[in-house]
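What follows is a set of notes on a single structure, which appears directly below.
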Amino acid sequence: MSYSAIRARELGDLLRSRRERLQPADVGLPAGSRRRTRGLRREEVAQLAAISATYYTFLEQGRELRPSRQVLDALARALRLNPAERAHAHELIHGAPPAGPAGVVEALSPAVVSLVDRLDPCPAYVTGRYWDVLASNRAARALWTDWPTRPPQERNMLWWMFTDPAAREILVDWEAVASALLGRFRTASARHPGDPGFTGLLERLRAASPEVREWWPQHRVVPLGSGTKRLRHPVLGEIEFRHVVLQLADDPEHKLVTYEADEADQARIAELAGR
573 MSYSAIRARE LGDLLRSRRE RLQPADVGLP AGSRRRTRGL RREEVAQLAA ISATYYTFLE
633 QGRELRPSRQ VLDALARALR LNPAERAHAH ELIHGAPPAG PAGVVEALSP AVVSLVDRLD
693 PCPAYVTGRY WDVLASNRAA RALWTDWPTR PPQERNMLWW MFTDPAAREI LVDWEAVASA
753 LLGRFRTASA RHPGDPGFTG LLERLRAASP EVREWWPQHR VVPLGSGTKR LRHPVLGEIE
813 FRHVVLQLAD DPEHKLVTYE ADEADQARIA ELAGR
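Numbered according to this note's numbering, the sequence shown spans residues 573 to 847.
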């Protein structure tokens, strides 16, 4: 399947999923009677976006069309897309880069690895294009998992999140964190349609995780962002962290994530990591 066909199908899935979640009252339309369609009707979306119902139907069916930016903006308004979803729709049709070469092993410079180590006792790690954990410091390994000791195919944040039972114990708000991570993975995969690294990992996740099978069709897209997370440790108890995500200039697909707790908790983490 061509890149344009993959993107067109992805856009169609996005449009359909967002149409089905809206009710007529959400967009100022009367509910009417004998409504059999879940959410809005296709012709209602077309009316709101000022395009023909046939053209909208073709878009939702994933036909290889190239809607203009103006049409995509009109659809974003009609379907009440949030900023991340709107950007995702534009990226699917306009300007997404081609997939990188298959089989390339990601590597970090020694300077980046050294930086991650020096951030101890603040937990820090770097993930790559497919969320493989490429580097982690002692604090991160003490609180999450010992990444270097895991089999190579399991040194992946998504794989750990959805297949390791320990993730559900460690992350206090596991469902929200896992759903957001899957949304970020979808956003990233749209930039590389046909990339076997993304498709292969997704197939493995679908086979292994009922949550991935349930959530992926919901078409949630989430941008990279900082915030807070709550972790639970058998010795330290529950700790709230502020975390920051930075993209490395040498390769924006490489993401440095750093965490910081309050002073007392940082002291306890330092003691734990030093054992």
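A virtual CB, placed ideally from N, CA and C, is assigned to each residue, including glycine.
Whole-number beta carbon distance between residue j and residue i, since they are thought to touch under 8 Å
i, j, result
"H662", "L644", "6 Å"
"A577", "L637", "About 11 Å; that fails the 8 Å criterion."
"L583", "L631", "7 Å"
"S751", "W787", "6 Å"
"I742", "L803", "6 Å"
"P596", "L620", "At roughly 11 Å, the Cβ-Cβ gap does not stay under 8 Å, so P596 and L620 are not in contact."
"Y697", "S708", "4 Å"
"L766", "Y575", "According to the sequence shown, residue 766 is Gly rather than Leu. Confirmed, about 6 Å."
Where residue i falls, given that 16 or more other Cβ within 10 Å makes a residue buried
i, result
"R652", "exposed"
"N728", "buried"
"M733", "buried"
"D704", "buried"
"H826", "buried"
"T699", "buried"
"A836", "exposed"
"P695", "buried"
"T800", "exposed"
"S640", "exposed"
"T721", "exposed"
Those residues which DSSP pairs with residue i across a bridge
i, result
"Y697", "S708 and V829"
"H805", "G809"
"D689", "BP columns for D689 are empty, so no partner."
"Q819", "K827"
"G799", "H815"
Cβ shell of residue i (< 6 Å), same chain only, five flanking positions each side left out
i, result
"A714", "L844 and A845"
"L693", "In the sequence as displayed, the identity of residue 693 is Pro instead of Leu. Hits under 6 Å: A711, Q838, I841, A842 and A845."
"G769", "Y702"
"I811", "L803, A833 and D837"
Residues near residue i by beta carbon distance below 7 Å, same chain, minus five either side
i, result
"V794", "A656, A752, G755, R756 and T759"
"S798", "H815, V816 and V817"
Close Cβ partners of residue i (< 8 Å) along its chain, the five nearest in sequence each way excluded
i, result
"S589", "P789, Q790 and H791"
"S624", "A618"
beta-carbon residue i near the ligand MG non-hydrogen atom, thresh 7 Å
i, result
"E812", "Only the bare structure without any ligand can be found here, which leaves the ligand MG out of the picture."
If we require 4 or more residues per run, which alpha helix (DSSP H) segments fall completely within the stretch 573-656?
575-593, 614-621, 625-632 and 641-650
Mind pulling the alpha helix (DSSP H) runs of 4 or more residues that sit fully within the stretch 728-761?
729-735 and 737-742
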